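> Each residue of the sequence shown is one higher than the last, beginning at 193 in our numbering. Cβ coordinates follow ideal geometry from the N, Cα and C atoms, glycine included. This one's a predicted model, so the numbers in the text were calculated from it and none came from an experiment. One structure follows; several queries about it will come next.
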Amino acid sequence: MSEQTPTTPAPEPDPQIHPDSSPSSEAAAAASAHYILVRLHPERKAAIDAALERSLGRVPDPTQREAGRIMGMSLGMILYAILSGDGR
Numbered sequence: 193m194s195e196q197t198p199t200t201p202a203p204e205p206d207p208q209i210h211p212d213s214s215p216s217s218e219a220a221a222a223a224s225a226h227y228i229l230v231r232l233h234p235e236r237k238a239a240i241d242a243a244l245e246r247s248l249g250r251v252p253d254p255t256q257r258e259a260g261r262i263m264g265m266s267l268g269m270i271l272y273a274i275l276s277g278d279g280r
């Protein structure tokens, strides 16, 4: 019997983001780690959420921050799906 994992809808694109905006790599890394860590340690969600907010707050450009957050969350979803299929 396979273990069911919580699903999160894909993030909605922000209409304020210009297609040429370069996403913040810091925001992307933080959002990707957040997605995975919340699923691995749901009992620590509040602390993980707070750490994400601190990390995102360090990215000064709101457009790059949001683009990075969306990219990171998408990457986190992909990585989690891959890792959760390998028996860990």
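1. Tell me the residue span of the alpha helix (DSSP H) that contains Leu268.
2. Which class does Ser194 belong to by DSSP, given the choice of helix, strand or coil?
3. With distances taken from CA atoms, which of Asp253, Ser217, Leu229 and Glu218 is nearest Ser276?
4. Does the Cβ of Ser214 have 16 or more other Cβ atoms within 10 Å, making it buried, or fewer, making it exposed?
5. I need the straight-line Cα distance from Gly268 to Ala238, nearest angstrom please.
6. Following the continuous alpha helix (DSSP H) through Ser247, name the residue where it begins and the one where it ends.
7. CA-CA distance, Ala223 and Gly260?
Concretely, from the data shown:
1. Sequence check: residue 268 is Gly here, not Leu. Counting along the chain, the alpha helix (DSSP H) containing Gly268 begins and ends at Pro254 to Ser276.
2. Low confidence applies to Ser194: its pLDDT is 45, below 50, so where it sits in the model is not reliable, and the reading given next is rough at best. DSSP places Ser194 in coil when its eight states are reduced to three.
3. Leu229
4. exposed
5. 18 Å
6. Lys237 to Gly249
7. Each residue's alpha carbon lies about 8 Å from the other.
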